[in-house]
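Colleague:
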Amino acid sequence: MKSSFAPLALALAALPSLADPPRPDEVISPATCDAQAKAAAMDSRTPVPLIPMMAHHQREQMRGHLESVQAVLQGLSANDFVATEKAARSMGFTEQMGMMCEHMGAGAPGFSEQALKFHHSADKVADAAHRKDRAGVLKALDVTLQACTACHASYRQQVVDQATYDAAAAAAGNKSGPP
Ligand code: HEC
């Protein structure tokens with residue numbers, strides 16, 4: 025009798041605190057899992073395997089990029105080249121950004137290359153703003169937005185566990201690791 029409770033006790037210990045139940049929208053039923061799998065199957069883009077924290081971070085970054093594009097146009101429409109340059113540079117290439125993109129794309133061949141191309145194109149927008157070259161800003165912004173849409177046309181997020189992410193990175197010949 026005593027021993028039959030041991031597995032239950034172990035299972036309960038592994039659960040998150042019962043005093044802190046998940047929100048209803050955080051409970052993923054098998055039917056919801058199935059619905060998510062169906063949606064993924066309809067999407068023929070290349071999956072970018074990411075662990076949940078990385079996927080969340082990537083979406084945050086993306087919303088930030090959209091805000092930067094908006095700020096570039098706001099700056100340009102106000103003839104404020106300093107603000108335009110600052111907004112564009114926030115999408116530009118840095119060593120840290122490059123490392124993050126490589127981790128994000130570790131399991132999806134070609135993803136990091138597209139990401140780096142995008143960041144370098146944003147630097148051209150900032151360079152044109154620095155020269156107060158309005159036509160140059162617009163031209164470079166067009167190239168940058170083409171990098172956004174080309175990547176969105178090719179890749180989608182795939183939220184996976186750490187082992188799946190590590191295996192995908194290894195299969196692509198890359199090192200996995202935290203972003
Ligand atoms: C190297 C690839 C790549 C580039 C470049 C890129 N994105 Fe994304 N973006 C993604 C992926 C992957 C997703 C997830 C989409 C999905 O799973 O359907 C995403 C999602 C988004 C989202 C949705 C965020 C959310 O909260 O769900 C926005 C907004 C976005 N991108 C804006 C942009 C903008 C604006 C640019 C350019 C200035 C850009 N992205 C450039 C890959 C990219």
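Sequential numbering of the sequence shown, starting at 25, is according to our numbering.
Backbone N, C-alpha and C fix where the C-beta goes; we use that ideal spot for every residue, glycine too.
Please state the DSSP three-state secondary structure of THR70.
Modeller: Within the sequence shown, numbered from 1, the residue matching residue 70 stands at position 46. Three-state result, THR70: strand.
Colleague: For PHE117, which residues in the same chain have their Cβ closer than 8 Å to its Cβ, ignoring the five residues on either side in sequence?
Modeller: By 1-based counting over the sequence shown, the position of residue 117 is 93. For PHE117, where only same-chain residues beyond five positions count, the Cβ hits under 8 Å are LEU140, HIS143, HIS144, ALA146 and ASP147.
Colleague: Could you pull the start and end residues of the beta strand (DSSP E) that ARG180 belongs to?
Modeller: In the sequence shown, residue 180 corresponds to position 156, counting from 1. From DSSP, the beta strand (DSSP E) with ARG180 extends over 179-183.
Colleague: My output table needs one value for PRO133: the three-state DSSP class, helix, strand or coil.
Modeller: Locating residue 133 in the sequence shown gives position 109, counting from the first residue. Residue state, collapsed to three classes: coil.
Colleague: Helix, strand or coil for SER27? Go by DSSP, reduced to three states.
Modeller: Along the sequence shown, one-based indexing puts residue 27 at 3. Because the pLDDT at SER27 is just 49, under 50, the model does not fix this residue reliably, and the value given afterwards should be weighed accordingly. Correct three-state label for SER27: helix.
Colleague: Classify THR118 as helix, strand or coil using the three-state DSSP reduction.
Modeller: Start at 1 with the first residue of the sequence shown, and residue 118 comes out as number 94. DSSP places THR118 in coil when its eight states are reduced to three.
Colleague: With DSSP run on the structure shown, which of helix, strand or coil describes PRO203?
Modeller: Sequence index remark: in the sequence shown, residue 203 carries index 179 (1-based). The predicted model places PRO203 with a pLDDT of 48, which falls under 50 and marks its position as unreliable, so this point remains unresolved.
Colleague: Taking 9 Å as the threshold (C-beta atoms), are VAL183 and ALA79 in contact?
Modeller: Position 55 of the sequence shown, counted from the start, is the residue given in the question as residue 79. Position 159 of the sequence shown, counted from the start, is the residue given in the question as residue 183. Going by C-beta atoms, ALA79 is nearer than 9 Å to VAL183.
Colleague: Nearest CA to the CA of ALA95: which residue from TYR189, GLN170, ALA153 and ARG69?
Modeller: By one-based count along the sequence shown, residue 95 stands at place 71. Comparing Cα-Cα distances from ALA95 to each of TYR189, GLN170, ALA153 and ARG69, the minimum goes to ALA153.
Colleague: Once the 5 residues before and after MET121 are set aside, which same chain residues still bring their CB inside 7 Å of it?
Modeller: Residue 121 sits at position 97 when you count from the first residue of the sequence shown. Closer than 7 Å at the Cβ level, and outside the excluded window around MET121, lie HIS143.
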